[in-house]
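Undergrad: In UniProt numbering, the protein residues as written are 1 to 936. Note that beta-carbon positions come from the ideal geometry of N, C-alpha and C, so glycine has one too.
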Amino acid sequence: MLQSKVFSKRTRGGKVQKTVREVYLRDDLPCGAPFCKVCDTSKARLSPSASSPILIVDTNVVLSQIDLLENPAMDNVVVLSVVRDEVKNRNIAVFKRIETLCYNSTRNFFVFYNTLHKDTFVHDVSGESPNDRNDRAIRVATQWYQNHLGGQTRVLLITNDRENKRKATEEGISAETIESYVKSLGQPNLLDLLVKPVSEDVEMEDADALRPSKRKVLYAEHKPMSEITSGLRCKIYHQGKLRVNRYNPFEAYVGSESIGDEIIIYGRTNMNRAFDGDVVAVELLPQDQWREEKFLSIADEGEEEEEEDVHLAPNSADDALRNTNPPNSADDKNSVPCRPAGCVIGIIKRNWHSYSGSLEPLPMPAASGSIAHALFVPKDRKISKIRIQTRQLENLLDQIIVVAVDSWDRQSRYPSGHYVRKIGEIGDRNVENQAVLMENDICDEPFSRQILNCLPPLPWSVSAEDLANPIRMDLRHLLVFSVDPPGCKDIDDALHCTTLPNGNFEVGVHIADVTNFVHPGTPLDDEASQRGTSVYLVERRIDMLPKPLTEDICSLRADVERLAFSVIWEMTPQAEIISTRYTKSIIKSCAALSYVEAQARMDDSRLVDPLTTDLRDMNTLAKIMRQRRIERGALTLASAEVKFQIDTETHDPLDIGMYQIREANQMVEEFMLAANVSVAEKILKHFPLCSLLRRHPTPTKEMLEPLLRTAAAIGLNLDVTSSKALADSLDRAVGDDPYFNKLIRILATRCMTQAVYFCSGDLSPPEFHHYGLASPLYTHFTSPIRRYADVIVHRLLAASLEINKLPQIFQDRTQLTSIAENLNYRHRNAQMASRASVELHTLIYFRKRPTDEEARIVKIRSNGFIVFVPKYGIEGPVYLTPRGEKGDGEWFVDEQQQQVKKMDGSVSYSVLQSVKIHMEVVEPQPNRPKLELSLI
1 MLQSKVFSKR TRGGKVQKTV REVYLRDDLP CGAPFCKVCD TSKARLSPSA
51 SSPILIVDTN VVLSQIDLLE NPAMDNVVVL SVVRDEVKNR NIAVFKRIET
101 LCYNSTRNFF VFYNTLHKDT FVHDVSGESP NDRNDRAIRV ATQWYQNHLG
151 GQTRVLLITN DRENKRKATE EGISAETIES YVKSLGQPNL LDLLVKPVSE
201 DVEMEDADAL RPSKRKVLYA EHKPMSEITS GLRCKIYHQG KLRVNRYNPF
251 EAYVGSESIG DEIIIYGRTN MNRAFDGDVV AVELLPQDQW REEKFLSIAD
301 EGEEEEEEDV HLAPNSADDA LRNTNPPNSA DDKNSVPCRP AGCVIGIIKR
351 NWHSYSGSLE PLPMPAASGS IAHALFVPKD RKISKIRIQT RQLENLLDQI
401 IVVAVDSWDR QSRYPSGHYV RKIGEIGDRN VENQAVLMEN DICDEPFSRQ
451 ILNCLPPLPW SVSAEDLANP IRMDLRHLLV FSVDPPGCKD IDDALHCTTL
501 PNGNFEVGVH IADVTNFVHP GTPLDDEASQ RGTSVYLVER RIDMLPKPLT
551 EDICSLRADV ERLAFSVIWE MTPQAEIIST RYTKSIIKSC AALSYVEAQA
601 RMDDSRLVDP LTTDLRDMNT LAKIMRQRRI ERGALTLASA EVKFQIDTET
651 HDPLDIGMYQ IREANQMVEE FMLAANVSVA EKILKHFPLC SLLRRHPTPT
701 KEMLEPLLRT AAAIGLNLDV TSSKALADSL DRAVGDDPYF NKLIRILATR
751 CMTQAVYFCS GDLSPPEFHH YGLASPLYTH FTSPIRRYAD VIVHRLLAAS
801 LEINKLPQIF QDRTQLTSIA ENLNYRHRNA QMASRASVEL HTLIYFRKRP
851 TDEEARIVKI RSNGFIVFVP KYGIEGPVYL TPRGEKGDGE WFVDEQQQQV
901 KKMDGSVSYS VLQSVKIHME VVEPQPNRPK LELSLI
């Protein structure tokens, strides 16, 4: 049967687009019940027991109660296609979670395509809203299930919509609210997972809890989206992502393109219930309320309670900043211009997700099993405390738990949320690691059987068919080698360098041919696309691809034949590229060296074997290439990368220190950069609209202002007019202190924008530029074992060489853009997880090792300063005023000289000054240990 259906879809520009499609209706779609006497039951997913009711959930139940649905107690659920499609349009994160449930073989969730069944298809009715139409489709499908199964089992519609439930009852359909159904299960703890509805259209038993109280209104009402859109267009409001200061949760920044600067948001009142990562609309405050950098402070542990108890007006001078100077104090005469300040007037896109942390201990715990109100304290200090209700308080007080945010009322100091699950006991290292992964949305679930079935059987070796394949060049005769960190098993790059008869060099970069095994559209490819990148924690690696691929089949290990994708140049002794070839290949690495081993070979003048000679030749070429890059304006930046020595038995950190970079590291890096640039040029030439590239936007002058201010205070004149000018300035920034230059480079790194992936069709060529590398084009090709971006680029390169056809996905630029956005999200989360893992192990290391060490001041604040400890690569706050004391008027900031001084002039501290500090793990609040840095 053929029917016409009208689809309405809102475009990115906000317009509603109508599409008419023909739909073929069927009568053979199975219901999913294994005891059904009519349908094909070979693919039945519902419970075999007819005594278990079949639950049909509406869209809002899926969207709001996904944490509850993921609990094993919620089972035998039918997800209608009309619900599935609406969830996909409204919240892609929830859609992915419900899809996972529907395809999880251990759960009884079934997708019924009611929009394609002749008995459940509903026609459009004139004047009916899309929401009412979908509700009617859900009721029609529920009625069909009741009739179809003929009373063999109970079919129950689960909806919190009062009107939908009323109509269902009138039509003879059994319907319940999610709350009443959960109560009928007799598992009180499940009620903790319920999200309390906030809409008037929603039915719940304790509706009195939703009625407005006479409590004081603490926050301004958010503007409606229509007013926000109009205000953004007129530039009355400004849009950007809110980022909360990691050292002061009462201070946030919103990067605004419309004014070309960051807007500072002072205090929770002005943040107006916005969370870190929310896309917000901001209104600028009057200019007389803007403040200078010197009035910003470091918030101390425990200050939140005080700040939350004093709900100040946005223009109060005594708000959460803890100002120690009035705006017109005597030291203002040399002050720098004030930075724009604003307040959040609306939330454009929420960044709420689940958070890990612990419950704040209460003086009088509730009686066992009764409902208790508790405050949840997230591990991430940038997140506000969250109110929850729980019936299992006594079992959760010493646990790390997961909580999701539901709402934030204008009359409440804290957002409201619900308990999701328990991770484990506070202080247990494995539990703390799990919290890190959960917090950063990183999946460490084992790969499913469906995914593992995509792999070739082990043991795997290069076949005769591979050797005979004309697209592959046999390079097994070359002296190929790899250079990686010690103990590296997932080796995805190798090198070779041979001298040609004409005196030039043939140099090759050989990359694991991952796409030979990871094919588009397979479960393996889908999983890799979703994970985006491998994640490196201090004591473990979470792979993007299964270990048989990463450590065996694709890994370019020594003395085994492997498939590769090679970039081969002919270079002059002056490292000028004469020609470039790209080819699929077969290689056999002769050595898998560590950086230390490669460096030792190059440094040992007694060694003259072919491998060492090739290493030295490559290193000579790399130095020339590096110098040429620097002359073009490439930046040599620095980061505080920390390395731990881990006990193999206890997994405790035995030692900690800064990661050492050697010439061997720089040699490998240089040729990987060159390969990435060559491949970027090749794929863009063939596919100008759908290439995946990587760009590094030029930092604005405002972003570089903190660096310029710091440099000026110590007598340095940094030129930031171009990357070349900045690079030259950094090279000249040398002092008597051997660590001085590296510290300046670390500060410069922190002023930079993030490098991001993008689809070439989305931007114009001038925007492709990579500022840090001073390169007009760049991509990622050299790590396909670890990064999905490189997998995409391998497919593009293969298509440009006519080895394979370009997959269909490259015709859909919207989907390509979505993939690029996910890769950027996953890359950032992997970095954040690595950083959190370092912080966790730093706590473990110093817990039994209080120590004194030299540190450098890197940022001045009104009540202290931020220091960097070179020996350990650790950064943290040092307070000048004792805990719990304001210290008003005792210290003031000289912004021009970047100093914080005592009012009587007896003591002053300046940026980059060396200070002696004591490092010790303390617990200022129960269950929240921190590494405290204090002046000696």
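Quick check for students: name the residue ranges of the alpha helix (DSSP H) that lie wholly in the region 660–707, counting only runs of 4 or more.
TA: List check, alpha helix (DSSP H) in window: 663–686.
Undergrad: In the DSSP output, which residue or residues are listed as bridge partners for ILE56?
TA: Paired residues: VAL78, LEU157.
Undergrad: Does CYS234 come out as helix, strand or coil in the three-state DSSP assignment?
TA: Reduced to three states, the DSSP call for CYS234 is coil.
Undergrad: DSSP state of GLY357, grouped into three classes?
TA: Residue state, collapsed to three classes: strand.
Undergrad: Where does ASN104 fall in DSSP's three states?
TA: ASN104 falls in the coil class under three-state DSSP.
Undergrad: Taking its Cβ as the centre, do 16 or more other Cβ atoms sit within 10 Å of ASN89, making it buried, or is it exposed?
TA: Looking at its Cβ environment, which holds fewer than 16 other Cβ atoms inside 10 Å, ASN89 is exposed.
Undergrad: Between which residues of its own chain and LEU843 is the CB-CB distance below 8 Å, once the five residues before and five after are set aside?
TA: These residues qualify, in order along the chain: VAL921, PRO929, LYS930, LEU931.
Undergrad: When DSSP labels each residue in this structure, what does MET752 get in the three-state scheme?
TA: DSSP places MET752 in coil when its eight states are reduced to three.
Undergrad: Check ARG849 in the structure and name its three-state DSSP category.
TA: Note: ARG849 maps to coil in three-state DSSP.
Undergrad: Bridge partners of GLN143, per DSSP?
TA: Partner(s): none; GLN143 has no beta bridge.
Undergrad: By a C-beta neighbour count over all protein chains shown, 10 Å radius and 16 as the cutoff for buried, is LYS682 buried or exposed?
TA: Classification of LYS682: buried, given that the 10 Å Cβ count is 16 or more.
Undergrad: Excluding the five sequence neighbours on either side, which residues of its own chain have a C-beta within less than 7 Å of the C-beta of CYS36, listed in chain order?
TA: Hits under 7 Å: LEU149.
Undergrad: How close, in whole Å, do the beta carbons of ILE265 and VAL344 come, if the pair is a contact with beta carbons under 8 Å?
TA: Contact holds; Cβ gap of about 6 Å.
Undergrad: Checking 7 Å against the spacing of the C-beta atoms, do THR550 and ALA830 come in under that value?
TA: Going by C-beta atoms, THR550 is not nearer than 7 Å to ALA830.
Undergrad: According to DSSP, what are the bridge partners of LYS902?
TA: DSSP, once it has assigned bridges, lists TRP891 as partnering LYS902.
Undergrad: For LEU773, collect the residues of the same chain with a Cβ closer than 6 Å to its Cβ; drop the 5 residues on either side in sequence, then sort them by chain order.
TA: Around LEU773: ALA634.
Undergrad: Which partner residues does PHE868 have in the DSSP bridge list?
TA: Note: PHE868 sits in a beta bridge opposite ARG856, GLU875.
Undergrad: Please state the DSSP three-state secondary structure of ASP201.
TA: Low confidence applies here, because ASP201 scores a pLDDT of 48, under 50, leaving its location unreliable and the question unanswered by this model.
Undergrad: Under a three-way DSSP split, which group does PHE112 fall into?
TA: Here PHE112 sits in strand by DSSP.
Undergrad: In three-state DSSP terms, what is residue 942?
TA: Here the chain has residues from 1 to 936 only, and residue 942 is not among them.
Undergrad: Mapping DSSP to helix, strand and coil, what is SER775?
TA: Residue state, collapsed to three classes: strand.
Undergrad: Cα separation between PRO924 and PRO30?
TA: So the alpha carbons of these two residues sit roughly 60 Å apart.
Undergrad: Whose C-alpha, out of SER482, LEU704, CYS554, PHE505, is nearest the C-alpha of VAL514?
TA: For the residues SER482, LEU704, CYS554, PHE505, the minimum Cα distance to VAL514 belongs to CYS554.
Undergrad: Would you call THR499 buried or exposed, if buried means 16 or more other Cβ atoms sit within 10 Å of its Cβ?
TA: Per the 10 Å Cβ criterion, exposed.
Undergrad: Per DSSP, which residues does ILE542 bridge with? Please list them.
TA: Answer is VAL535.
Undergrad: Could you give the C-beta distance for ILE400 and ALA435, rounded to a whole number, given that I count them as a contact under 8 Å?
TA: The Cβ separation is near 5 Å, so the contact holds.
Undergrad: In three-state terms, what does DSSP make of ALA789?
TA: The answer is helix: DSSP assigns ALA789 an H, G or I state.
Undergrad: Who are the near neighbours of ASP406 in its chain, counting only those whose CB is closer than 7 Å to its CB and skipping five residues on each side?
TA: Excluding residues within five positions, the ones whose Cβ falls inside 7 Å are VAL195, LYS196, SER416, GLY417, HIS418.
Undergrad: Given a threshold of 16 other Cβ atoms within 10 Å of its Cβ, counted over all protein chains shown, does ASP604 qualify as buried or as exposed?
TA: Burial call: exposed.
Undergrad: Quick check: LEU707 and CYS751, are their CB atoms within less than 7 Å of each other?
TA: In this structure, CYS751 lies closer than 7 Å to LEU707 by Cβ.
Undergrad: With DSSP as the reference, please indicate the residues paired to LEU637 in a beta bridge.
TA: LEU637 is not bridged to any residue.
Undergrad: Out of curiosity, what's the CA-to-CA distance linking SER862 and GLN899?
TA: Using only the alpha carbons, I get a separation of about 10 Å.
Undergrad: Quick check: the Cα distance between PHE250 and PHE447, rounded to an integer number of angstroms?
TA: Each residue's Cα considered, the two are about 41 Å apart.
Undergrad: Which residues share a DSSP beta bridge with LEU375?
TA: Beta-bridge pairing links LEU375 to ARG387.
Undergrad: Could you tell me which residues DSSP puts in a beta bridge with ILE577?
TA: According to DSSP, ILE577 bridges with MET571.
Undergrad: Looking at the structure shown, is LEU242 part of a helix, part of a strand, or coil, going by DSSP?
TA: It is a strand residue.
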